[in-house]
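Peer 1:
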Amino acid sequence: MSKENDILEEITSSDYKYGFTTDIETDVAPAGLNEDTVRFISAKKKEPLWMLEWRLEAFKIWKEMTTPNWQNVHFPEINYQDIIYYAAPKQKKTVNSLDEIDPELRKTFEKLGISLDEQKRLTGVAVDAVIDSVSIATTFKSKLAELGIIFCSMSEAIEHHPELIRKYLGSVVPVRDNYFTALNSAVFSDGSFCFIPKGVRCPMELSTYFRINTANTGQFERTLIVCEDNSYVSYLEGCTAPMRDENQLHAAVVELVAMDNAHIKYSTVQNWYPGDKEGKGGIYNFVTKRGICLGKKSKISWTQVETGSAITWKYPSVILKGDDSIGEFYSVAVTNNYQQADTGTKMIHIGKNTRSRIVSKGISAGKSQNSYRGLVQVMKRADNARNFSQCDSLLLGNKCGAHTFPYLEVENPNAQVEHEATTSKIGEDQIFYCNQRGISTEDAVALIVNGYAKEVLNQLPMEFAVEAQKLLAISLEGSVG
Amino acid sequence: MGLLKIENLTASIGDKEILKGINLTVNPGEVHAIMGPNGSGKSTLASVLAGREDYEVTGGSVTFQDVDLLELSPEDRAREGVFLAFQYPVEIPGVTTINFLKTAVNEVRKYRGEEPLDAVSFLKMMKEKSKLVEIDQALLSRSLNEGFSGGEKKRNEIFQMAMLEPKLAILDETDSGLDIDALRIVANGVNKLKTPNNATIVVTHYQRLLDYIVPDFVHVLWNGRIVKSGTKELALELEEKGYDWVKAETALA
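Protein chains in written order, with numbering that gives the first Met the number 0: chain A, 0 to 480; chain B, 0 to 252.
Have a look at this one:
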């Protein structure tokens, strides 16, 4: 028994690969948050008045709210006056071509495995690269524009597509949804906007890569994806941050809108700095993600692989408003050392014949705490709504915790709601069996964990699935002993 | 020079001594059967050779091709060519037998300084070996042992043995839970894999399996010691007279 734990402990302690910082000149706002901060950000971004007013209203709402405390994570109170709300790498005011990007920034992304060079980039993926508060480059923009697809930074979208932004921003996640959405709405600095017009199937993966660089900065990005009738997009976000002793706040808002027959596939590989082995430092990842299946037969799928962050707190959700719409949530959440995760989903069935599927795989190692929290709500008129939930927990060692909080609220007698849950440990028998076939304990754990998470990993776009598999193994290195 | 040389091996679990001085030499090309009543230490011997850490080796030595086997980690023993067919093969959900074996085969190759097999060669090898041990290809794309019948699990063990081409195979009660057809298929597989350069230790409770895998030597393990060795006739004698006969003889000695 104890030996098994020794093995588990050994395997989950490797180092974070993306912990470097980039030395670039940065344009930063003074730390602290008040109305002037909001004005400063809006001015920096040369925003129209309506946007500033929207932000100020959000700020007013935020001031009246308090930090929620129902979640199963613990952290010291955040002093919002210590945070820098705007940091941007200094570069030429407008970058007309990708060649004009600061070589230091370019190098940073190369180091992260993200090439901003369209020629070098694998075909099939367009990237929007965001560092600290601003988007620095979006690749394949013109190629996508030929199809009528808009893929740009949020700042550009506010400038060039105000009618779309005014229509959809905050339409899925209202400003006052929660404490962090109000905060984000007041101070968000950039993010990605993506619009797929009627009948267009986006021919490449769209992807945003988020990087926090500057110390003491919070990152508050905003992503909005709108898919018109009969369109399709697959979108992926990735993120990393330097290793720092202080905690940094990341409070993003993501909104998805799917019209009739539209299909949005949203994948996340989250690898923010998780803090060191003693639990010092790391990102607080407090994110609100929600999609609405507005149209008939529309579909929204969330897939997330969460390995980083000191604290992860997010529930990518789907509002199933259109009849026959489908919501999916596939999640692998790994916690190691002192990481905490409280993550899951909400599936709100409003339309008739709506279906949702939840597959959550939690993996806890070290002294971490991993919670699944999910709500399945079936409204009165949602005839024949169906849900299937599968929540599995895998424990490595005996100092970590796994928790499941499923909530079911069913108001329609025709609804079929199924929930299955399992908890298991990686057995000494399984590891020995692998050993006996010539596989080392570390590789055995990676094999077993990837097998366990397979159903979710299979949902990821091919090239990212391989990355995610490696990431899972790295995150758990040193956890088995 | 023997392939495997066990001298005065003693081992215990907790405070309980289970192996009380085992001596055994196995040469290339030989098949040894180790028989004995329940609790005599047969499975312990198999586990100790494979390196299961539940057991503590308290004395003696095990030499495998001039290497001190007891000094090696379980994975290195496997890479040196020691294979254990498990009595109770474990299930690994989400990992197909193909994927599992690809990892294992390439680990062993790496250890021997060989290049990993490419996908085409690996699949070709798999096809040949699956034919040899009469295992359904479809089974191999399923999660390892998950939902397999007892017979399928054992057949899968022999298939893995075929893929890994060990120098020494230890079959731990491979016959348990098998009907006569499955038993014949498993035994045929083992016989086909036999070469002048490898050796097999068959650990079994019953003589039944030895009708199909004919041993060169039979050893009776009782109370942690090999108390009687002989040829295949010994197995028949045991079948006829039971173990009490050996026990009585040992008590007298």
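Glycine is no exception: its CB is placed at the ideal position from the N, C-alpha and C atoms.
1) Could you compute how far the alpha carbon of A128 (chain A) sits from the alpha carbon of A86 (chain A)?
2) Taking just the CA atoms, how far does H348 (chain A) sit from K130 (chain B)?
3) Starting from the Cα of S370 (chain A), find the closest Cα among A:E410, A:Y314, A:V377, A:E417 and give me that residue.
4) Relative to the C-alpha of E55 (chain B), which candidate in B:N190, B:T62, B:D65, B:L44 has its C-alpha closest?
5) Taking contact to mean at least 3 C-beta pairs separated by less than 8 Å, is the stretch 287-299 of chain A in contact with the stretch 319-328 of chain A?
6) To the nearest angstrom, how far is the alpha carbon of I410 (chain A) from that of E52 (chain A)?
7) Which residues does DSSP pair with R385 (chain A) in a beta bridge?
8) Along the stretch 438-470 of chain A, where does the CB come closer than 8 Å to a CB of chain B? Name the residues.
9) Contact between the stretch 329-343 of chain A and the stretch 297-317 of chain A is defined here as three or more beta-carbon pairs at a separation below 8 Å; is this criterion met?
10) Using a Cβ-Cβ cutoff of less than 6 Å, which residues in the same chain neighbour V253 (chain A) once the five nearest sequence positions on both sides are dropped?
11) Starting from the beta carbon of I91 (chain B), find every residue of chain A whose beta carbon is closer than 7 Å, and list them in chain order.
12) For the stretch 191-205 of chain B and the stretch 27-34 of chain B, state whether three or more C-beta atom pairs, one from each stretch, are separated by less than 8 Å.
13) Would you verify that the beta carbon of Y211 (chain B) is, or is not, closer than 8 Å to some beta carbon of chain E?
14) Please list the terminal residues of the continuous beta strand (DSSP E) segment that includes V172 (chain A).
15) Who does D171 (chain B) pair with in a DSSP beta bridge?
16) Thinking C-alpha only, which one of A:K166, A:A467, A:E427 is nearest E236 (chain A)?
17) In its own chain, which residues sit with a C-beta less than 7 Å from the C-beta of V132 (chain B), not counting the 5 before and 5 after it?
18) Unbroken beta strand (DSSP E) runs of length 3 or more, entirely within the stretch 249-299 of chain A: which are they?
19) Who pairs with G400 (chain A) in a beta bridge, going by DSSP?
20) Please list the terminal residues of the continuous beta strand (DSSP E) segment that includes P92 (chain B).
21) Mark Q481 (chain A) as exposed unless 16 or more other C-beta atoms lie within 10 angstroms of its C-beta, in which case mark it buried.
22) So the candidates are A:I325, A:G217, A:V455; which of them puts its Cα closest to the Cα of Q389 (chain A)?
23) Would you mind working out which of A:R385, A:I224, A:S206 sits nearest V268 (chain A), comparing C-alpha positions?
24) Would you mind telling me which residues of chain B sit closer than 8 Å to G426 (chain A), beta carbon to beta carbon, in chain order?
25) So that I know if they touch, is there some Cβ in chain A lying closer than 8 Å to that of Q206 (chain B)?
26) Hey, could you find the ends of the beta strand (DSSP E) W221 (chain B) is sitting in?
27) Compare the C-beta of F36 (chain B) against all C-beta atoms of chain A and say whether one is closer than 8 Å.
28) Could you name the residues of the same chain whose beta carbon sits closer than 8 Å to that of S177 (chain B), not counting the 5 residues immediately before and after it, in chain order?
29) Let me check understanding here. Comparing Cα to Cα, which of B:G241, B:R76, B:M124, B:P214 lies closest to Y432 (chain A)?
30) Which chain A residues are close to Y242 (chain B), counting only those with a beta carbon under 9 Å from its beta carbon?
31) Using a Cβ-Cβ cutoff of less than 7 Å, which residues in the same chain neighbour N105 (chain B) once the five nearest sequence positions on both sides are dropped?
32) Would you tell me roughly how many angstroms separate the C-alpha atoms of N183 (chain A) and K128 (chain B), rounded to the nearest one?
33) Does any C-beta atom of chain A lie closer than 8 Å to the C-beta of G146 (chain B)?
34) Could you pull out every residue in the same chain whose Cβ sits closer than 6 Å to the Cβ of S359 (chain A), ignoring the five residues on either side in sequence?
35) Do you know how far the Cα of D428 (chain A) is from the Cα of I169 (chain B)?
36) Note down the Cα distance separating L69 (chain B) from K193 (chain B), rounded to an integer number of angstroms.
Peer 2: Straight from the coordinates:
1) 15 Å
2) Going from the Cα of K130 (chain B) to the Cα of H348 (chain A) covers about 51 Å.
3) A:Y314
4) B:L44
5) yes
6) The sequence shown places Glu at residue 410 (chain A), not Ile. Approximately 39 Å, taken between the alpha carbons.
7) Looking at the DSSP assignment, R385 (chain A) forms a beta bridge with A:R354, A:Q415.
8) I438, S439, T440, D442, L446, I447, N449, G450, Y451, A452, K453, E454
9) yes
10) T222, K288
11) Q429, I447, G450
12) yes
13) Reference to chain E is not applicable here, since the protein chains of this structure are A and B.
14) Per DSSP, V172 (chain A) belongs to no beta strand (DSSP E) and is neither H nor E.
15) Note: D171 (chain B) sits in a beta bridge opposite B:V202.
16) A:A467
17) R154, I157, F158, A161, G188
18) Within the stretch 249-299 of chain A, the complete beta strand (DSSP E) runs of at least 3 residues are 252-257, 262-269, 281-292.
19) Under DSSP, G400 (chain A) shares a beta bridge with A:Q368.
20) 91-95
21) One cannot answer for residue 481 (chain A) here, as it falls past the ends of chain A, which runs 0 to 480.
22) A:V455
23) Check the Cα spacing between V268 (chain A) and each of A:R385, A:I224, A:S206: the tightest is with A:S206.
24) V89
25) By this cut-off, Q206 (chain B) is not an interface position.
26) 216-221
27) According to the sequence displayed, residue 36 (chain B) carries Pro and not Phe. It does not; no Cβ of chain A falls within 8 Å.
28) Sequence check: residue 177 (chain B) is Leu here, not Ser. So the list reads G149, G150, K153, V185, once near-sequence residues are dropped.
29) B:R76
30) None at all; the shortest Cβ gap to chain A is about 29 Å.
31) P115, L116
32) 60 Å
33) no
34) S330, Y371, C390
35) Cα-Cα distance, rounded: 17 Å.
36) 25 Å
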